[in-house]
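This report concerns only the one structure given below.
See below:
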């Protein structure tokens, strides 16, 4: 039996280290009815990730396959298996991408690589330009060829005619790029709508469960809990969990697969450069571990003080008349200022952790970009790396670091949700009002107290060995000074509290055996204070 002095009264200070996995499993129970919505949102996120990864690669294709001429002059013997076009005098044209990177680097070191050339068929429309300017073109077994530097000697309109096919391909790539952007917009809208709808449904269910549990709590618990704290459970804490469902969880999953996709593409483009860039990973990992340990402690402290601040503010507002009547304004203000000061300090510790992590990751990103420009630029100059590949690598580095930059924000949301979940589940785990199961179809009205002892706090007894009997139809008056226990007797009869000693009988049946909801239907209470419920009845 739970008495008012022994109920599972919970305080913010009792919150220990969170079992994140346990809390997360319990939280996911609320998402289970809407798993299809969140699965659909994950699929949309996957589509967005694919588009994000494809856009830099389209840029690479546009640069390497369209803007930069494909054929490279080589003044050396061509390895077997590499397609080559003879120019004469020991010179050949080969596609740059057909040369192995090691061979290309060796040729560059020996000075065997020359300029880039354009090559097109004699039957192509571009051949008319070659016929009008034979001094700039060279006829090869594969068609007409012209070095890239000779294009400057042609009129602008002739250059346009000469590169018509490249311009058309460039326009097609631009349309594909624009189409991907529009598709990403549509997928992003669908993702946001789906997540918000699912999150709102979860908030609806959680608030209903919290308020339903609140209605079934023993009066001993409700008497001791500040109103502001109870309100926070159904409002701020539920909103924090909503943020976790709609932002943190899905974004963390999307960012994880995005990073895997970026690394896979980067390894495919240039494994050596990717491995060099991964040298920054231990530094970032250590920074993330430090941030996680610092931010969690600071954030939990800030949330605890904020809950106390909200509770004190709500209680002060509801009791403002009493504060002013007893001239306690200055004392209340000093206490509020102290709590406000503690919250400010806790928030500053949190801001310090977040403020260091974000810029530190940004610095690491810029260092990685600087290294990539230096190392990749040398590769472009030596012909080992293409210009389009370098541009794509720069984009992929930014994409790779974006989840790390967002991590502080997502971690903030996740910690808020974990702290809120701790408080909500501690509240939901509070025992409901004990009630018997014996039906009460009717009452004769006989009430008997047998040696009843009752205390609100420990053994600070309000009633000591009270015994009396009220027969059906009998009227009694309980008279006594303030604090004598008149209201307490009524509360015990209503079943709001259980006595620590003794027994209360209703029609000869112990009160704890009766179904309290049915029992209270037969009672009428006229309290001295008027309270209007906020709905029409």
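In this note's numbering, the protein residues as written are 14 to 550.
Built from N, CA and C at the ideal position, the CB exists for glycine as well.
For residue 502, the secondary structure class from DSSP, reduced to helix, strand or coil, is helix.
The straight-line gap separating the alpha-carbon atoms of residue 425 and residue 494 is approximately 54 Å. The C-beta of residue 365 has fewer than 16 other C-beta atoms within 10 Å across all chains shown, which makes the residue exposed.
With a minimum length of 3 residues, the unbroken runs of beta strand (DSSP E) contained wholly in the stretch 109-154 fall at 126-133 and 151-153.
Taking a contact as a CB-CB distance under 8 Å, the pair residue 308 and residue 428 counts as one, their CB atoms being some 7 Å apart. By the neighbour-count definition (other C-beta atoms within 10 Å, threshold 16), residue 133 is a buried residue. If you look at residue 160, you'll find it in the beta strand (DSSP E) that goes 156-160. The alpha-carbon of residue 375 is positioned some 7 Å away from that of residue 418. Contact between residue 97 and residue 107 holds: CB atoms are separated by about 5 Å, below the 8 Å threshold. Of the other Cβ atoms in all chains shown, fewer than 16 fall within 10 Å of the Cβ of residue 102; this residue is therefore exposed.
Rounded to the nearest whole angstrom, the C-alpha separation of residue 467 and residue 476 is 5 Å. In the displayed model, residue 446 falls within coil according to three-state DSSP, outside both helix and strand.
Cα atoms of residue 138 and residue 144: separation of roughly 11 Å, rounded to the nearest angstrom. Contact between residue 422 and residue 359 fails: their C-beta atoms lie close to 19 Å from each other, not under 8 Å.
Proximity to residue 384 across 407, 170 and 223 peaks at 407, based on C-alpha coordinates. Closest by C-alpha distance to residue 88, out of 111, 161 and 120, is 120.
Residue 386 and residue 403 have their C-alpha atoms some 8 Å from each other. In the displayed model, residue 488 falls within coil according to three-state DSSP, outside both helix and strand. With a beta-carbon spacing of about 19 Å, residue 462 and residue 496 fall beyond the 8 Å limit used to define contacts. Annotated as distal: residue 198 and residue 71, with beta-carbon spacing of 7 Å or more. Around residue 40, the same chain offers 434 as residues with beta carbons nearer than 6 Å, after the five sequence neighbours per side are excluded. Apart from the 5 residues on each side of it in sequence, residue 377 sits with its Cβ closer than 7 Å to the Cβ of 293, 296 and 297 in its chain, given in chain order. The beta carbon of residue 131 sits closer than 6 Å to those of 82 and 159, all from its chain and outside the five residues before and after it, given in chain order. Of the residues 235, 483 and 196, the one whose Cα lies closest to the Cα of residue 469 is 235. Distance from the CA of residue 411 to the CA of residue 181, rounded to the nearest whole angstrom, comes to 30 Å. With respect to the C-alpha of residue 413, the residue from 179, 279, 325 and 545 having the closest C-alpha is 279.
Looking only at 75, 441 and 350, the smallest Cα-Cα distance to residue 186 is reached by 75.
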